[in-house]
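In the working numbering, the protein residues as written are 4 to 196.
See structure below.
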């Protein structure tokens, strides 16, 4: 496991989404995850330490944990499988020890920022990121770009379109039409380029 922190959030014009820039603590390793508007707003509020007039869902979760004997042990992005990121929050209690709770990476990152916890990323996930140029997280509305591959433009374009098409089919089958529309637009941009 490597420790990462959120470096910044920025708007990504080409995909009309926002990127969370994650930086490995004590290293130059970094990568970005593209997320949707609502996820970006939540992460940005947590990153800037802005207190909203009413509690957010993440605030409520943290308040519930703080008012009990349950504490957050760590936040992890623990898996990358079939082009989908998986995250979890490990909580600890005197009564049940350590328990793992599955969640979206954007939720895990928001909670980590609000609680001032580092984000741990599994070594296998980092290795998978290094192997892929573009990864789609259709369940969590995220696209992450790590580095340029050396493939020819035609092969790379075809590979990207194939990945996006699989993500589009997945989003449509789950009736997540907002994500499907964004993926469709991204496919059109690649085909028109």
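We put the beta carbon where it would ideally sit given N, CA and C, even for glycine.
| Check | Outcome |
| --- | --- |
| Those runs of the beta strand (DSSP E) which lie wholly inside the region 78 to 142 and span at least 3 residues | 87 to 96, 100 to 106, 122 to 124, 137 to 140 |
| Which of helix, strand or coil DSSP assigns to residue 60 | helix |
| Three-way DSSP call (helix, strand, coil) for residue 28 in this model | coil |
| Rounded separation between residue 47 and residue 121 - CA only | 16 Å |
| Under the three-state DSSP convention, the category residue 73 falls into | coil |
| Paired residues, beta bridge with residue 22 - DSSP | 13, 37 |
| Extent of the continuous alpha helix (DSSP H) run through residue 182 | 180 to 195 |
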